[in-house]
Amino acid sequence: MKNTKKIILITGSTQGLGKITATELAKEGHQIIIHGRNKNKLEKVRNKIIQITGNNNIDIIVADLLSLEDTVKMSNEIITNYDKLDILINNAGAFFNKNREETEEGFEKTITLNLFAPFILMKSLADLLAKSDEGRIINLSSAMHKRGGKPNFSDFQLKNDYKPDKAYGLSKLYLIWISRHMVSYLKDRGINNVTVNVCHPGAAATNFGQDADKGFLFNLIFKVALLVMDKPEKGAMTSIYLASSPDVKNVTGQFFGNRNNIQKPDDRYYSKINEQKVWDYCIEITKKYL
Ligand SMILES: NC(=O)c1ccc[n+]([C@@H]2O[C@H](COP(=O)([O-])OP(=O)(O)OC[C@H]3O[C@@H](n4cnc5c(N)ncnc54)[C@H](OP(=O)(O)O)[C@@H]3O)[C@@H](O)[C@H]2O)c1
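In terms of numbering that gives the first Met the number 0, the sequence shown has 38 at position 39, counting the first letter as 1, and numbering is strictly consecutive.
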């Protein structure tokens, strides 16, 4: 009989949508690898998930995705410790401060966490996902991908024109584009059993963006929005659906909003050439680490 238990890696699963996604998928009996950057926090979350679900197959992996070196180390650990990976959910993401900040490796933080990290994980775990009967990559974008404005490829990391919403919007737009590119990358490598889809979880009342100093107006908007946003359980529904529903077994390269609702992302600035530019830029930045 075919083994229906999956091995599922969910980045940023210490809180918010990732934690709910991990808990719900653990209820289905799958082996879940929860990820975060703080070991103590992760251990607490693991214990809680085991307590709620009765599923002991919860592993933890620690990595700061603001470090490309750490992200590559994480993917190497996964490759060493698992024979296959069925589902990769690139869920970790953040909205940063009003002033532009760089990582210790010298990259703008928003683009690093929301774009370079999922790029590294998708690309370096592709062969492990190909060992699954039915591999799935799920990338969390955002409706804010419409709000980044026109991409400027000569200032990719927004050295000259940084605003936190612009950086966030563009990082989530580029994530859609590299997800599309990943579909052809897999095909070119003869991998036909791994799908790649992107989703927008809706506006969900998590801790998302609450701790950043985004400037007076954004700080206020983020606080007030909490009162009217969806419950995180609703926000996590699309990731859970994409990870577990047989309906999307052969669906790839799509953008999902609100569970099973395939939408058209904002393609104002999209072209195959621009998709390739973003992909090539990710390769150029990450090659030293891969
Ligand atoms: N909530 C919304 O309304 C909404 C809307 C659209 C899209 N999204 C997207 O949905 C995803 C999940 O958001 P959420 O609302 O659940 O946010 P959240 O509550 O802030 O959770 C974010 C998760 O990412 C992890 N993370 C942050 N920085 C990290 C780093 N440097 N290294 C490793 N892990 C890191 C956090 O871990 P720590 O515990 O270490 O902080 C946490 O587990 C994000 O990609 C976000 O952009 C959310």
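Don't be surprised by glycine CBs; every beta carbon is placed ideally from N, CA and C.
{"Query": "Please name the residue, chosen from Lys145, Met228, Phe255, that lies closest to Thr237 on a Cα-to-Cα basis.", "Result": "Phe255"}
{"Query": "Taking 7 Å as the line, does the beta carbon of Asn206 fall inside it for any heavy atom of ligand 1?", "Result": "yes"}
{"Query": "Quick one: Cα of Phe293 to Cα of Thr109, how far?", "Result": "In the structure as shown, the chain begins at 0 and stops at 289. Residue 293 is therefore absent and cannot be evaluated."}
{"Query": "Mind checking whether Gln30 and Phe106 have CB atoms under 8 Å apart?", "Result": "no"}
{"Query": "What residue range does the alpha helix (DSSP H) around Asn46 cover?", "Result": "38 to 52"}
{"Query": "Compute the Euclidean distance between the alpha carbons of Gly17 and Thr285, then round it to the nearest angstrom.", "Result": "25 Å"}
{"Query": "Run through the segment 174 to 203 for me and flag every whole beta strand (DSSP E) of 3 or more residues, listed as ranges in chain order.", "Result": "193 to 199"}
{"Query": "Jot down the residue ranges of each uninterrupted beta strand (DSSP E) in the segment 73 to 119, minimum 3 residues, whole runs only, in chain order.", "Result": "86 to 89"}
{"Query": "With a threshold of 7 Å (Cβ to nearest heavy atom), would Lys40 be considered close to ligand 1?", "Result": "yes"}
{"Query": "Under the assumption that Leu124 contacts Leu169 (Cβ atoms under 8 Å), give the Cβ distance between them as a whole number of angstroms.", "Result": "Actually they do not touch by this definition, with Cβ atoms about 24 Å apart."}
{"Query": "To the nearest angstrom, how far is the alpha carbon of Ile119 from that of Leu65?", "Result": "12 Å"}
{"Query": "Please tell me whether, using a cut-off of 7 Å, the distance from the CB of Thr13 to the nearest non-hydrogen atom of ligand 1 is below it.", "Result": "yes"}
{"Query": "Buried or exposed, going by whether 16 or more other CB atoms sit within 10 Å of the CB of Gln253?", "Result": "buried"}
{"Query": "Below 7 Å, is the gap between the Cβ of Ala91 and the nearest heavy atom of ligand 1?", "Result": "yes"}
{"Query": "What residues in its chain sit with their C-beta under 7 Å from that of Asp279, if we drop five residues either side in the sequence?", "Result": "none"}
{"Query": "What's the gap between the Cα of Lys230 and the Cα of Thr13?", "Result": "17 Å"}
{"Query": "Could you spell out the range, first to last residue, of the alpha helix (DSSP H) harbouring Gln275?", "Result": "271 to 285"}
{"Query": "If you follow the alpha helix (DSSP H) that Val223 is in, where does it begin and where does it stop?", "Result": "215 to 227"}
{"Query": "Pick helix, strand or coil for Asp265, following the three-state DSSP scheme.", "Result": "coil"}
{"Query": "Determine whether the beta carbon atoms of Pro200 and Leu241 lie at a separation below 8 Å.", "Result": "no"}
{"Query": "If you draw a straight line from the alpha carbon of Lys83 to that of Asn192, how long is it in whole angstroms?", "Result": "13 Å"}
{"Query": "Cα separation between Ile220 and Thr194?", "Result": "36 Å"}
{"Query": "Within the segment 122 to 184, note down every full beta strand (DSSP E) run reaching 3 residues or more, in order along the chain.", "Result": "134 to 139"}
{"Query": "Whole angstroms are fine: how far does the CA of Asp246 sit from the CA of Ile77?", "Result": "28 Å"}
{"Query": "According to DSSP, simplified to helix, strand and coil, what is Asp212?", "Result": "coil"}
{"Query": "Between Ser178 and ligand 1, is there a pair consisting of the residue's CB and a ligand heavy atom that are separated by less than 7 Å?", "Result": "no"}
{"Query": "Decide if the segment 128 to 147 is in contact with the segment 256 to 276; the criterion is three or more beta carbon pairs, one per stretch, under 8 Å apart.", "Result": "yes"}
{"Query": "Among the candidates Pro150, Phe207, Ile51, Ile239, whose CA atom is the shortest distance from the CA of Ile272?", "Result": "Pro150"}
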